[in-house]
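Peer 1:
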Amino acid sequence: MADANPFQDPQRFERRVPPCALVIFGANGDLTKRKLVPSLYRLAIERRLPQGFAIVGTSRTPLSDEAFREKMEAAVREHLENSHFDEAIWDEFARGLFYVAGDLASPDLYSALTARLAEVAQQRQTGGNILFYLSTQPSQYSTVARGLAPLARPNGGWRRLVVEKPFGHDDRSARELETALHECFTEDQLYRIDHYLGKETVQNILAFRFGNPIFEPLWNRQYIDHVQITAAESIGVEGRGAYYQEAGALRDMIQNHLLQVLATIAMEPSAVFEPGAVRDERAKLLRSIRPFRPADVATHAVAGQYGPAAIGGKDIPGFRAEPGVNPHAMTDTYAAVTFLIDNWRWAGVPFYVRSGKRMPKRVTDIAIRFRPVPHSLFSSESARPNLLILRIQPEEGISLRFSSKQPGSGMKLRPVSMDFNYGTSFGMRTPTAYETLLVDAMAGDPTLYTRQDMVEASWAAVQPILDVWANQPAPGPFPNYPAGTWGPAASDDMLAARGHVWRVP
Ligand code: BG6
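When we follow the working numbering, the leftmost residue of the sequence shown carries the number 30, and every step to the right adds one.
1) Per DSSP, what are the beta-bridge partners of V392 in this structure?
2) In terms of alpha-carbon separation, which member of Y139, W488 and H357 lies closest to L287?
3) Am I right that V382 and F368 are in contact with their C-beta atoms under 8 Å? What's the rounded C-beta distance?
4) Please name the residue, chosen from R308, E102, A278 and A150, that lies closest to L477 on a Cα-to-Cα basis.
5) Which residue from Q152, A203, V149 and A141 puts its Cα closest to that of L177?
6) Are the C-beta of G336 and some C-beta of chain B separated by less than 7 Å?
7) Quick one: grab the DSSP three-state call for T479.
8) Could you tell me whether any non-hydrogen atom of the ligand BG6 is closer than 6 Å to the CB of D281?
9) What does the Cβ neighbour count give for A33, buried or exposed, with the cut at 16 atoms within 10 Å?
10) State the DSSP-derived secondary structure class of A519, mapped to helix, strand or coil.
11) For D120, collect the residues of the same chain with a Cβ closer than 8 Å to its Cβ; drop the 5 residues on either side in sequence, then sort them by chain order.
12) Mind pulling the alpha helix (DSSP H) runs of 4 or more residues that sit fully within the stretch 309–333?
13) Tell me whether S135 sits in a helix, a strand or coil according to DSSP, three-state version.
14) Closest to L146 by CA distance: which of V191, V85, V402 and A96 is it?
15) Residues in the same chain with beta-carbon distance under 8 Å from G128, minus the five sequence neighbours each way, listed in chain order, please.
16) In whole angstroms, what is the alpha-carbon distance linking L315 and A490?
17) Within this structure, are the beta carbons of T393 and A292 separated by less than 7 Å?
18) Could you tell me the distance, in whole angstroms, from the CA atom of F380 to the CA atom of L495?
19) How close, in whole Å, do the beta carbons of A83 and R153 come, if the pair is a contact with beta carbons under 8 Å?
20) Tell me which residues share the same chain as T155 and place their Cβ nearer than 8 Å to its Cβ, disregarding the 5 neighbours each side in the sequence.
21) Can you list, in chain order, the residues of its chain with a C-beta nearer than 6 Å to that of V256? Leave out the 5 residues immediately preceding and following it.
22) Taking all protein chains shown into account, do 16 or more other C-beta atoms lie within 10 angstroms of the C-beta of T90, making it buried, or fewer, making it exposed?
23) For my contact list, I294 and I234 are in at a C-beta cut-off of 8 Å; report their separation, rounded to the angstrom.
24) With DSSP as the reference, label F348 as helix, strand or coil.
25) List the DSSP bridge partners of N450.
26) Given a cut-off of 7 Å on the beta-carbon distance, is the pair G426 and Y451 in contact?
27) Reducing DSSP to helix, strand and coil, say where F399 ends up.
28) Assign A31 to one of two classes, buried (16 or more other C-beta atoms within 10 Å of its C-beta) or exposed (fewer than that).
29) Among I421, I345 and P414, which one has its Cα closest to the Cα of M388?
30) Looking at the strands, I want to know which residues DSSP matches up with R420.
31) Considering Cα atoms alone, identify which of V301, F244 and Y510 is closest to K386.
32) For V85, which residues does DSSP report across the bridge?
33) Would you list the residues sitting across from F407 in a DSSP beta bridge?
34) Going by the beta-carbon positions, is the gap between V484 and A203 smaller than 7 Å?
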């Protein structure tokens with residue numbers, strides 16, 4: 030029998046999403062256009078949305094529903110990436126798009142929204158279920174949460190609030206935000222999004238570690254020498270100069286995304302795969318990261334900022350010449366940190382984490398370097414320690430380097446690798462992080478969302494560095510790496526001090 034609901038195909042997907050309305054605050058913003066609506070439309074193409082699904086966009090700009098639909102159509106066409114735009118599915122999807130304009134600080138907006146949501150609930154049969162999505166300027170998060178207080182307690186259906194990063198600008202403001210959110214929402218209504226946790230390749234770390242008994246016995250200080258986590262971007266700040274100059278790489282990428290990746294690599298197995306249990310283990314790991322004393326910061330953290338360069342015949346401006354950026358900005362567009370984990374599994378194993386803008390290429394990966402053989406039978410320069418690389422993006426896969434005998438006489442070794450590639454092994458499109466996370470929030474599964482204790486533990490890990498950098502006359506001299514290179518020399522020196530070198534990904 031034909032499936033009556035074009036948006037839901039139970040054969041293909043196990044997770045059922047109940048009918049609901051998604052209210053996006055910041056509907057005119059970049060995230061909505063680049064990620065949220067294209068991801069939702071892709072879910073519609075793949076029939077993963079319920080029939081009674083609606084999106085209510087809100088922002089200050091007055092727009093009719095029709096104009097909002099047109100804007101979103103243009104955004105989807107532009108940012109769909111690897112999927113085909115289907116007019117018929119768009120028309121069906123667009124019938125569920127609505128818009129309410131208003132000032133986030135004005136009670137009028139919330140009254141208008143309440144009335145509109147009641148109509149939408151009737152028209153689309155959403156059963157009163159509402160997922161609010163905070164994608165405004167972070168400084169407005171508390172205002173919106175308070176405005177939503179009357180809507181947070183439903184008469185029927187559920188209410189949830191998704192909060193985009195950043196969760197605060199430092200440890201203190203993170204706690205203040207938390208207090209404001211909790212005035213209006215209970216903890217089980219709050220979904221703090223860290224999109225790295227939704228990436229397939231990051232989720233696969235858990236499958237790799239805990240679904241394969243051969244690796245886990247080696248996953249400790251006895252066999253692992255050190256770990257390198259790299260998130261390099263070739264782009265600059267892409268029109269986000271004003272935000273980025275206040276944030277910097279340590280806050281923008283390491284405090285959240287990369288510490289979550291580190292926690293996933295290093296956490297203990299949970300007894301069950303349930304939201305509370307998995308998140309408890311991640312949180313425990315984050316709390317085991319050694320907090321730096323101010324005196325340790327110089328030897329454990331490096332800041333960089335890119336300067337101008339000519340790349341491929343094109344002049345790339347330095348960070349300070351980007352639009353919206355103060356020409357004397359002391360922002361770190363590159364940060365590298367040596368984290369140490371104080372527990373039995375990891376004592377003494379450095380976790381080197383680096384992230385930067387305007388690097389030679391876009392690559393995110395985790396390299397796990399094993400210890401060398403205890404006694405070498407072969408010439409030392411030909412045997413190299415095993416290296417396991419978990420490739421997060423843009424290539425997605427896993428490779429294991431090991432030594433092999435080179436054919437011919439004698440016993441010469443050469444490193445070779447065993448490779449797994451998602452594309453060739455599964456032959457299907459990998460869902461984007463936002464698709465996964467939006468479905469999870471609608472289904473009420475917070476496993477891949479971060480929790481306040483994790484947010485606070487991550488701030489505790491980076492705050493001493495931020496404090497030292499903020500209080501010294503200059504973390505620079507900046508700029509200290511030309512655009513298109515792998516960061517400042519001080520970052521290499523940090524690893525050299527422990528006898529290590531950064532891998533070129
Ligand atoms: C965002 C940061 O959280 O993550 C951006 O604010 C960064 O500066 C982006 O570019 C990277 O995400 P992805 O998924 O492209 O690696």
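We treat Cβ as the ideally placed atom computed from N, Cα and C, and that holds for glycine.
Peer 2: If we stick to the structure as given:
1) On the sequence shown, position 363 is the one that residue 392 refers to. For V392, which the question treats as bridged, DSSP gives the partners A261.
2) Indexing the sequence shown from 1 puts residue 287 at position 258. For the residues Y139, W488 and H357, the minimum Cα distance to L287 belongs to W488.
3) Reading the sequence shown from its first residue, position 353 is the one you call residue 382. Reading the sequence shown from its first residue, position 339 is the one you call residue 368. That belief holds up - the Cβ atoms of V382 and F368 are roughly 6 Å apart, short of 8 Å.
4) Looking up residue 477 in the sequence shown gives position 448. Answer by Cα proximity: R308.
5) Position 148 of the sequence shown holds residue 177. The residue with the shortest Cα to Cα distance from L177 is A141.
6) In the structure shown, chain B does not exist; there is a single protein chain.
7) What you label residue 479 is simply residue 450 of the sequence shown in a count that begins at 1. Strand, per DSSP.
8) In the sequence shown, counting from the first residue as 1, residue 281 sits at position 252. Checking every heavy atom of the ligand BG6 against the Cβ of D281, one is found closer than 6 Å.
9) One-based indexing of the sequence shown puts residue 33 at position 4. Because the pLDDT at A33 is just 44, under 50, the model does not fix this residue reliably, and the value given afterwards should be weighed accordingly. Exposed: under 16 other Cβ atoms inside 10 Å.
10) Counting from 1 along the sequence shown, the entry for residue 519 is found at position 490. Correct three-state label for A519: helix.
11) Position 91 of the sequence shown, counted from the first residue, corresponds to residue 120. So no residue of the chain qualifies.
12) 323–329
13) Counting from one through the sequence shown, the residue named residue 135 turns up at place 106. The answer is coil: DSSP assigns S135 none of H, G, I, E or B.
14) Taking the first residue of the sequence shown as position 1, residue 146 is located at position 117. It is V85.
15) On the sequence shown, position 99 is the one that residue 128 refers to. Correcting the residue type first, residue 128 is Tyr in the shown sequence and not Gly. For Y128, where only same-chain residues beyond five positions count, the Cβ hits under 8 Å are A56, V85, G86, T87, L92, S93, D94, A96 and F97.
16) For the purposes of this step, residue 315 is taken as residue 286 along the sequence shown, with counting starting at 1. For the purposes of this step, residue 490 is taken as residue 461 along the sequence shown, with counting starting at 1. So the two alpha carbons sit approximately 8 Å from each other.
17) As a first step, residue 393 must be located in the sequence shown, where it is residue number 364. As a first step, residue 292 must be located in the sequence shown, where it is residue number 263. Not a contact, by the Cβ cut-off of 7 Å.
18) Against the sequence shown, residue 380 aligns to sequence position 351. Against the sequence shown, residue 495 aligns to sequence position 466. When rounded, the distance between both Cα atoms is 19 Å.
19) For the purposes of this step, residue 83 is taken as residue 54 along the sequence shown, with counting starting at 1. For the purposes of this step, residue 153 is taken as residue 124 along the sequence shown, with counting starting at 1. 5 Å between Cβ atoms; contact.
20) Here the question's residue 155 lines up with position 126 in the sequence shown. Only P48, C49, A50, G81, F82, A83, V149 and G186 meet the Cβ criterion.
21) Working through the sequence shown from its first residue, we reach residue 256 at position 227. Hits under 6 Å: F380 and I397.
22) Translated into positions along the sequence shown, residue 90 becomes position 61. Exposed is the call here.
23) What you label residue 294 is simply residue 265 of the sequence shown in a count that begins at 1. What you label residue 234 is simply residue 205 of the sequence shown in a count that begins at 1. Their Cβ separation, rounded to whole angstroms, is 6 Å, which keeps I294 and I234 in contact under 8 Å.
24) As a first step, residue 348 must be located in the sequence shown, where it is residue number 319. In the structure shown, F348 sits in a helix (DSSP, three-state: H, G or I).
25) Residue mapping note: residue 450 aligns to position 421 of the sequence shown, counting from 1. Paired residues: G426.
26) Here residue 426 refers to the residue found at position 397 when the sequence shown is read from its first residue. Here residue 451 refers to the residue found at position 422 when the sequence shown is read from its first residue. Yes, the pair counts as a contact, with Cβ atoms nearer than the cut-off.
27) Taking the first residue of the sequence shown as 1, we reach residue 399 at position 370. Correct three-state label for F399: strand.
28) Translated into the one-based positions of the sequence shown, residue 31 becomes position 2. With a pLDDT of 39 at A31, under the threshold of 50, the predicted position of this residue should be treated as unreliable, though the coordinate-derived value follows. With fewer than 16 other Cβ atoms within 10 Å, it is exposed.
29) Counted from its first residue, the sequence shown places residue 388 at position 359. Considering only alpha carbons, the answer is I345.
30) Position 391 of the sequence shown, counted from the first residue, corresponds to residue 420. Paired residue(s): D394 and G426.
31) Translated into positions along the sequence shown, residue 386 becomes position 357. Checked all of V301, F244 and Y510; the closest Cα to K386 is Y510.
32) Residue 85 sits at position 56 when you count from the first residue of the sequence shown. Paired residues: V52 and F127.
33) By one-based count along the sequence shown, residue 407 stands at place 378. Partner(s): none; F407 has no beta bridge.
34) If you number the sequence shown from 1, residue 484 lands on position 455. If you number the sequence shown from 1, residue 203 lands on position 174. It is a contact, given that the beta carbons lie within the stated cut-off.
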